[in-house]
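Top line first, the protein sequences correspond to chains B and D.
Per this note's numbering: the first sequence = residues 1 to 463.
Per this note's numbering: the second sequence = residues 464 to 926.
Where a beta carbon is used, it is the ideal one built from N, C-alpha and C, also for glycine.
Everything below concerns the one structure shown next.
There are 2 protein chains.
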Amino acid sequence: MIERALISEFKKAVGAEHCTTDPADLALYAYDATTVEGNPDCVVFPATTDEVAAALRLANDARVPVVPRGAGTGLSGGAVPVKGGIVLSLARMNKIIEIDRANLVCRAEAGTVTGVIASAAVAQGLYYPPDPSSINFCTIGGNVAHNAGGLHALKYGVTKNYLLGLTAVLPGGEVLKTGVRTMKGVVGYDLTKLICGSEGTLAVVTEVTLKLIPHPPHRAVAVASYPTAKAAGEAVSAIIAARILPAMLEFIDNTSLRCVEDYLKVGFPIDAGALLLVEIDGRPESVRAELDTAVEILKKNGATSLSFADDPVGCERLWEARRAVAPSLGKASPRRISEDITVPRARIPDALERIGDIGRKHAIPTAVFGHAGDGNLHVNLLADQRDLAIRPRMQAAIEDILRLALDLGGTLSGEHGVGLAKKSCLGWEIGADGMRILREIKKTFDPNNILNPGKILPEIGSE
Amino acid sequence: MIERALISEFKKAVGAEHCTTDPADLALYAYDATTVEGNPDCVVFPATTDEVAAALRLANDARVPVVPRGAGTGLSGGAVPVKGGIVLSLARMNKIIEIDRANLVCRAEAGTVTGVIASAAVAQGLYYPPDPSSINFCTIGGNVAHNAGGLHALKYGVTKNYLLGLTAVLPGGEVLKTGVRTMKGVVGYDLTKLICGSEGTLAVVTEVTLKLIPHPPHRAVAVASYPTAKAAGEAVSAIIAARILPAMLEFIDNTSLRCVEDYLKVGFPIDAGALLLVEIDGRPESVRAELDTAVEILKKNGATSLSFADDPVGCERLWEARRAVAPSLGKASPRRISEDITVPRARIPDALERIGDIGRKHAIPTAVFGHAGDGNLHVNLLADQRDLAIRPRMQAAIEDILRLALDLGGTLSGEHGVGLAKKSCLGWEIGADGMRILREIKKTFDPNNILNPGKILPEIGSE
Numbered sequence: 001m002i003e004r005a006l007i008s009e010f011k012k013a014v015g016a017e018h019c020t021t022d023p024a025d026l027a028l029y030a031y032d033a034t035t036v037e038g039n040p041d042c043v044v045f046p047a048t049t050d051e052v053a054a055a056l057r058l059a060n061d062a063r064v065p066v067v068p069r070g071a072g073t074g075l076s077g078g079a080v081p082v083k084g085g086i087v088l089s090l091a092r093m094n095k096i097i098e099i100d101r102a103n104l105v106c107r108a109e110a111g112t113v114t115g116v117i118a119s120a121a122v123a124q125g126l127y128y129p130p131d132p133s134s135i136n137f138c139t140i141g142g143n144v145a146h147n148a149g150g151l152h153a154l155k156y157g158v159t160k161n162y163l164l165g166l167t168a169v170l171p172g173g174e175v176l177k178t179g180v181r182t183m184k185g186v187v188g189y190d191l192t193k194l195i196c197g198s199e200g201t202l203a204v205v206t207e208v209t210l211k212l213i214p215h216p217p218h219r220a221v222a223v224a225s226y227p228t229a230k231a232a233g234e235a236v237s238a239i240i241a242a243r244i245l246p247a248m249l250e251f252i253d254n255t256s257l258r259c260v261e262d263y264l265k266v267g268f269p270i271d272a273g274a275l276l277l278v279e280i281d282g283r284p285e286s287v288r289a290e291l292d293t294a295v296e297i298l299k300k301n302g303a304t305s306l307s308f309a310d311d312p313v314g315c316e317r318l319w320e321a322r323r324a325v326a327p328s329l330g331k332a333s334p335r336r337i338s339e340d341i342t343v344p345r346a347r348i349p350d351a352l353e354r355i356g357d358i359g360r361k362h363a364i365p366t367a368v369f370g371h372a373g374d375g376n377l378h379v380n381l382l383a384d385q386r387d388l389a390i391r392p393r394m395q396a397a398i399e400d401i402l403r404l405a406l407d408l409g410g411t412l413s414g415e416h417g418v419g420l421a422k423k424s425c426l427g428w429e430i431g432a433d434g435m436r437i438l439r440e441i442k443k444t445f446d447p448n449n450i451l452n453p454g455k456i457l458p459e460i461g462s463e
Numbered sequence: 464m465i466e467r468a469l470i471s472e473f474k475k476a477v478g479a480e481h482c483t484t485d486p487a488d489l490a491l492y493a494y495d496a497t498t499v500e501g502n503p504d505c506v507v508f509p510a511t512t513d514e515v516a517a518a519l520r521l522a523n524d525a526r527v528p529v530v531p532r533g534a535g536t537g538l539s540g541g542a543v544p545v546k547g548g549i550v551l552s553l554a555r556m557n558k559i560i561e562i563d564r565a566n567l568v569c570r571a572e573a574g575t576v577t578g579v580i581a582s583a584a585v586a587q588g589l590y591y592p593p594d595p596s597s598i599n600f601c602t603i604g605g606n607v608a609h610n611a612g613g614l615h616a617l618k619y620g621v622t623k624n625y626l627l628g629l630t631a632v633l634p635g636g637e638v639l640k641t642g643v644r645t646m647k648g649v650v651g652y653d654l655t656k657l658i659c660g661s662e663g664t665l666a667v668v669t670e671v672t673l674k675l676i677p678h679p680p681h682r683a684v685a686v687a688s689y690p691t692a693k694a695a696g697e698a699v700s701a702i703i704a705a706r707i708l709p710a711m712l713e714f715i716d717n718t719s720l721r722c723v724e725d726y727l728k729v730g731f732p733i734d735a736g737a738l739l740l741v742e743i744d745g746r747p748e749s750v751r752a753e754l755d756t757a758v759e760i761l762k763k764n765g766a767t768s769l770s771f772a773d774d775p776v777g778c779e780r781l782w783e784a785r786r787a788v789a790p791s792l793g794k795a796s797p798r799r800i801s802e803d804i805t806v807p808r809a810r811i812p813d814a815l816e817r818i819g820d821i822g823r824k825h826a827i828p829t830a831v832f833g834h835a836g837d838g839n840l841h842v843n844l845l846a847d848q849r850d851l852a853i854r855p856r857m858q859a860a861i862e863d864i865l866r867l868a869l870d871l872g873g874t875l876s877g878e879h880g881v882g883l884a885k886k887s888c889l890g891w892e893i894g895a896d897g898m899r900i901l902r903e904i905k906k907t908f909d910p911n912n913i914l915n916p917g918k919i920l921p922e923i924g925s926e
């Protein structure tokens, strides 16, 4: 518990009306999009970088944990205050500071909703590509903390590829300005890209400088259905091997497509073993030619039906459907576990087959969807993780799935991050020497371990 | 001086014939592409990661400086052994380990020449875009150490955008495997991108995993001449503001183009105030359409002549000419200083005008060329930096140019790095808190300060 005197100091720092200890309020900040919970002692809502610095100084002096929070849409427990303390919400820092059309750069406060930035860019004929499924709710600060991906990462890359610079506050209240607002910069160690993906454990990001690119003038999406997940996986590998780089190449298995169809009535063929969504963008004349080539490969790999959208409304509808896959699985199975492995793209058919085996072995129903073009598969275990009779089997299945990812030359997480969910197996991928470096970097930034403690790094001795 | 017993140990570690203390050999490893020199005590040529680890352990135990070296083409003094010790040449580790066509990934040893990787990719219909002017000599390890850019960074990004993972050896001989060989990965702090750009001060990179992309099927280059540098600069800003992203958008001023014309006889119009080289790539039908739009803007901004190349040989000839600018200036003025500032692209006309003013103020002739589309300008001071009567004026001019870059919202270095050349002004850009973090990161990786000591970080007290 935090002392009342300290709460008063926080109220002074951010304004009494922007600091709450009301249990009803605290309950709202006890969770993220996982099922883990942890009650904070206090939630503060600073409005400026200086207020963030003041709050951090207070917390650091008192050795009180601080959990930075965007919109709480994270999928690895990153925003859950498992050790109590302060939730530092960036919700009031939600302004786009500037869209510089002449330089193709955007500056925004960390609490700005990513979709707001994307729309503001589009209004200027520009494009901010990273689009996690939660784009209409999540914040750019959370995206930076987790290096968020999205539907268009295959061609356009992830948050880190668009992050030029940061304003970030260290636990002692020092305000760091990292990076550049130019297209290049190689001056000193890259703190921007180190803080990006550090899940709020190194510094609190308050402002971001993003690179924008010209908006592609045209796009078209093909939807192809396959009799089996494996056949669809083979088509993905064939497209990549044919050196086509679609803007989007998404995979949805039968269970996932039935769920989303039930939820949204998109008109997907619910008997298909799996669907692929393939988007090509660019100038209209190239889109047509490249889509023809892609469709030929889709057919050659056994597509049983094909449909198309080549207008903005139709494409947006398919994106919405794809984005609705996770929520619709969540609706059908609220206490499921959603995994996030990434494998080399040629190994997708193997991965899909072995994920099926793992589900059967542990008698846990699975649903798989994801950014197949990246090799990033979201494996969902459709059971109640709070059911103590089932939970050990789910844990065993997860362990098998994570080991499978590493076996196939992949990684434990493509875009959800480590947070609480994967810290116990971080060492499998990073190794002992890497873990030592990670711990020392943490100590360099946050010597008192007040920033999002208990995330990413396992407690010493538990590795 | 290193003790003879230690030299014997190095000979045991890498083989006697791969370790030299012959003064004639040492003289060859005393310099890079700058004019700074510093004699090593010994040069070792390990053939494997294990041999690198063995050599580092010996040096670390004896507290002897180790300077990793690729091809010595660096432009900031990064490979110069200014504190003596061991030069650790990666020249024997020069093999492409694998080009994985199915996953669009290349693995190579750090001493592999970048152009060899690029050609091997092309042979598979794939593309490794980062192409510094020294592409046919420099090594991928050096590119990673400096996060090298190149002619095509505007559209395709720099080395860091293609670097998926590393094998790197810490000073104590621990072998780190960082990153992934998948398209995504967010597991732990990003050591891959931290080591990239650290100029050999944190670890010795021995192997790299690179992302490849499909090779663009077609390209065309327009060469436009302008009466003044400023007019050309305005055309650059106009192209970016029109939301066209050429594959290449290069600027060459009159002095530079006269030099390269003298050297290569390309047929450039030597009376032009400046030239722009604008390359568009993609599918043939889009290339034509986008080039038309770009040419319209070039004309509207006062182009006085225009010529084109749309075949591979013609394009390659223009790239060669552009790559020859720096060597030809070097031939004309061997002891010049080559700067590397980057400014927001809309500020290029201002930058060009004020660089002219600075040259006149200090009575030092200048030549400017560079990756204008990125805002990355190579400002050359054409005088003899060893002439003690001129040197103070050159130093004053450089200081003015670096301050100008920061004034315009830019950065001290776009792609050459800090090395020795800019360490004294690193703090101007990074700030005191950032410098503290940088120093602590250095200490985390290299507690005994044996790895490339004296580079990037200024000696304490000299900031």
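If you draw a straight line from the Cα of P592 (chain D) to the Cα of S8 (chain B), it comes to about 56 Å. Interface with chain D (8 Å Cβ-Cβ cutoff): L382 (chain B) is excluded. Going by DSSP, G642 (chain D) is part of the beta strand (DSSP E) stretching over 638–642.
Chain D has no Cβ within less than 8 Å of the Cβ of H378 (chain B). Taking every protein chain shown into account, the CB of E514 (chain D) has 16 or more other CB atoms within 10 angstroms, so this residue is buried. Relative to the Cα of R564 (chain D), the nearest Cα in the group D:A868, D:Q587, D:G574 belongs to D:Q587. Interface with chain B (8 Å Cβ-Cβ cutoff): S597 (chain D) is excluded. Chain order gives no chain B residues near K475 (chain D), where near means a beta carbon separation below 9 Å; the closest approach is about 24 Å.
Secondary structure at R555 (chain D): coil, using DSSP grouped into helix, strand and coil. No Cβ of chain D is located within less than 8 Å of the beta carbon of D253 (chain B). In this model, A479 (chain D) and D847 (chain D) are separated by some 40 Å (Cα to Cα).
Taking a contact to require three or more Cβ pairs closer than 8 Å, the segment 564–573 of chain D and the segment 666–673 of chain D qualify as touching.
Around the beta carbon of T48 (chain B), fewer than 16 other beta carbons lie within 10 angstroms, which makes this residue exposed. According to DSSP, P677 (chain D) shares a beta bridge with D:L589. Secondary structure at Y619 (chain D): helix, using DSSP grouped into helix, strand and coil.
At a Cβ-Cβ threshold of 8 Å, V87 (chain B) and V43 (chain B) count as neighbours. For the segment 835–870 of chain D, the continuous alpha helix (DSSP H) assignments of 4+ residues that do not extend past its boundaries occur at 854–870, in sequence order. Secondary-structure assignment with DSSP links Y31 (chain B) through a beta bridge to B:E37. Just measuring C-alpha positions, the residue of B:G188, B:V64, B:A272 sitting nearest R258 (chain B) is B:A272. In this structure, I456 (chain B) sits near G419 (chain B), with a CB-CB distance shorter than 8 Å. In this structure the segment 608–619 of chain D does not lie against the segment 368–385 of chain B, because fewer than three pairs of beta carbons, one per stretch, are closer than 8 Å.
With a threshold of 16 other beta carbon atoms within 10 Å, D909 (chain D) meets it and is buried. Take the alpha-carbon of V368 (chain B) and the one of G267 (chain B): they are about 19 Å apart.
Among the CB atoms of chain D, none fall inside 8 Å of the CB of L420 (chain B).
Of the residues assessed, E561 (chain D) falls on the exposed side of the cut-off, its CB having fewer than 16 other CB atoms within 10 angstroms.
Within chain B, the residues placing a beta-carbon under 8 Å from that of N624 (chain D) are G157, N161, ordered along the chain. Between the C-alpha atoms of R799 (chain D) and V668 (chain D) there is a straight-line separation of about 31 Å.
Residue pairing by DSSP leaves R520 (chain D) without any beta bridge partner. Listed in chain order, the beta strand (DSSP E) runs fully inside the segment 291–335 of chain B are 305–309, counting runs of at least 3 residues.
Listed along the chain, the chain D residues whose CB falls inside 9 Å of the CB of V343 (chain B) are T645. S307 (chain B) and A242 (chain B) have their C-alpha atoms some 21 Å from each other. With fewer than 16 other Cβ atoms from the protein chains shown falling within 10 Å of its own Cβ, E459 (chain B) counts as exposed.
From the listed residues D:G636, D:V649, D:N566, the smallest Cα separation to L665 (chain D) is found for D:G636.
Contact with chain B is absent for L521 (chain D), since none of that chain's Cβ atoms lies less than 8 Å from the residue's Cβ.
Close CB contacts of L406 (chain B) within its chain, under the 8 Å cut and outside five residues either way in sequence, are with L412, W428, E429 (chain order). Sorting D:L657, D:E662, D:P807 by C-alpha distance to the C-alpha of G434 (chain B) places D:L657 at the top.
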